[in-house]
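Report on the structure given below.
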Amino acid sequence: MAEDCLICQKHRGEGALVGPLVWEDRDVIVTHRPAAEDSPTFLGYLFVETRRHAPSLDTLTESEAMAVARAVWVGARALRSELGPEFVFSAIVGRQVAHFHQHLFVRHPGTPAQHGWMDVDEWTGAPRGDAPRVAALCARLRGYFQPHAATLNT
Ligand SMILES: [Zn+2]
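According to my numbering, the sequence shown is numbered sequentially starting from 6.
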């Protein structure tokens, strides 16, 4: 754990990044973007993060890399089944927070063409949810991970 890392703080349940849990195992933690008190959030935006404070993809252990890959794969399938998106995107950027995290998010049907892959969540017509709706979605998504628990390093 790094004291000043926003994602380590999130994993301790502190700070603005704390989001509803979808799945966690020995190596990875999967959460959904949180809804703010008075503003619903884009539905279908997950973060797959290593539990350990590893700064980048190339610093993961083989076990962590496999756990991340499997969680991203299960998460993509879960989002596909639950939200029926046009596409499920995934990206590793990490230029702002040096703790490995992989974005996993959907392009909802009807997203206007002017929204590229990076800003699909800025479409005002996209499905959004308040905290209870996001929590309900996370509970459904969790169900897709459970059959893989044995291979997800629990
Ligand atoms: Zn960290």
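Glycine included, every Cβ here is placed at the ideal spot set by N, Cα and C.
T55 - DSSP class collapsed to helix/strand/coil
Your numbering for residue 55 matches position 50 in the sequence shown. T55: strand per DSSP, three-state reduction.
Please work out which residues of its chain come closer than 8 Å, Cβ to Cβ, to V102, disregarding the five sequence neighbours upstream and downstream, and give them in chain order.
Sequence index remark: in the sequence shown, residue 102 carries index 97 (1-based). Hits under 8 Å: C10, L11, I12.
When the Cα atoms are used, what is the spatial distance from R138 to A7?
For the purposes of this step, residue 138 is taken as the residue at position 133 of the sequence shown. For the purposes of this step, residue 7 is taken as the residue at position 2 of the sequence shown. Cα to Cα, R138 sits roughly 32 Å from A7.
So, using beta-carbon positions, are F150 and A76 closer together than 9 Å?
In the sequence shown, the residue the question calls residue 150 occupies position 145. In the sequence shown, the residue the question calls residue 76 occupies position 71. The Cβ-Cβ distance between F150 and A76 falls below 9 Å.
Measuring only the C-alpha atoms, how far is P21 from H113?
Taking the sequence shown and counting its residues from 1, the one referred to as residue 21 is at position 16. Taking the sequence shown and counting its residues from 1, the one referred to as residue 113 is at position 108. The residue asked about is misnamed: residue 21 is Ala in this sequence, not Pro. Their backbone Cα atoms lie some 25 Å apart in a straight line.
Where does the unbroken beta strand (DSSP E) through L109 begin, and where does it stop?
Locating residue 109 in the sequence shown gives position 104, counting from the first residue. Segment 106-112, the beta strand (DSSP E) holding L109.
Give me the Cα-Cα distance between T64 and T46, rounded to the nearest whole angstrom.
In the sequence shown, the residue the question calls residue 64 occupies position 59. In the sequence shown, the residue the question calls residue 46 occupies position 41. So the alpha carbons of these two residues sit roughly 31 Å apart.
Can you check DSSP and say which residues form a bridge with R38?
Here residue 38 corresponds to residue number 33 of the sequence shown, with the count starting at 1. Paired residues: none, contrary to the question.
Over what stretch of residues does the beta strand (DSSP E) that includes Q26 continue unbroken?
Start at 1 with the first residue of the sequence shown, and residue 26 comes out as number 21. According to the sequence as given, residue 26 is Leu; it is not Gln. For L26, the enclosing beta strand (DSSP E) starts and ends at 26-29.
As a quick exercise: from V73, P132, L88, pick the residue whose alpha carbon is nearest that of I34.
By one-based count along the sequence shown, residue 34 stands at place 29. That would be V73, whose Cα lies nearest to the Cα of I34.
Between the CA atoms of A140 and L62 - distance to the nearest angstrom
Taking the first residue of the sequence shown as 1, we reach residue 62 at position 57. Taking the first residue of the sequence shown as 1, we reach residue 140 at position 135. Computed Cα separation, rounded: 29 Å.
Nearest-angstrom Cα distance between I39 and H153?
As a working note, residue 39 is residue 34 in the sequence shown. As a working note, residue 153 is residue 148 in the sequence shown. According to the sequence displayed, residue 39 carries Pro and not Ile. Using only the alpha carbons, I get a separation of about 25 Å.
Going by C-alpha distance, which of G49, G148, R85 is nearest G24?
Taking the first residue of the sequence shown as position 1, residue 24 is located at position 19. Nearest C-alpha to G24: G49.
Check whether the Cβ of A141 lies closer than 8 Å to any heavy atom of ligand 1, and answer yes or no.
The count along the sequence shown starts at 1 and reaches residue 141 at position 136. Incorrect: A141 has no Cβ contact closer than 8 Å to ligand 1.
Sequence-distant residues of its chain with Cβ nearer than 8 Å to S86 (five each side left out)
Position 81 of the sequence shown, counted from the first residue, corresponds to residue 86. Correct list, in chain order: Y149.
Comparing the CB of H58 with every heavy atom of ligand 1, is any distance shorter than 8 Å?
Within the sequence shown, the letter at position 53 stands for residue 58. Yes, ligand 1 has a heavy atom inside 8 Å of this Cβ.
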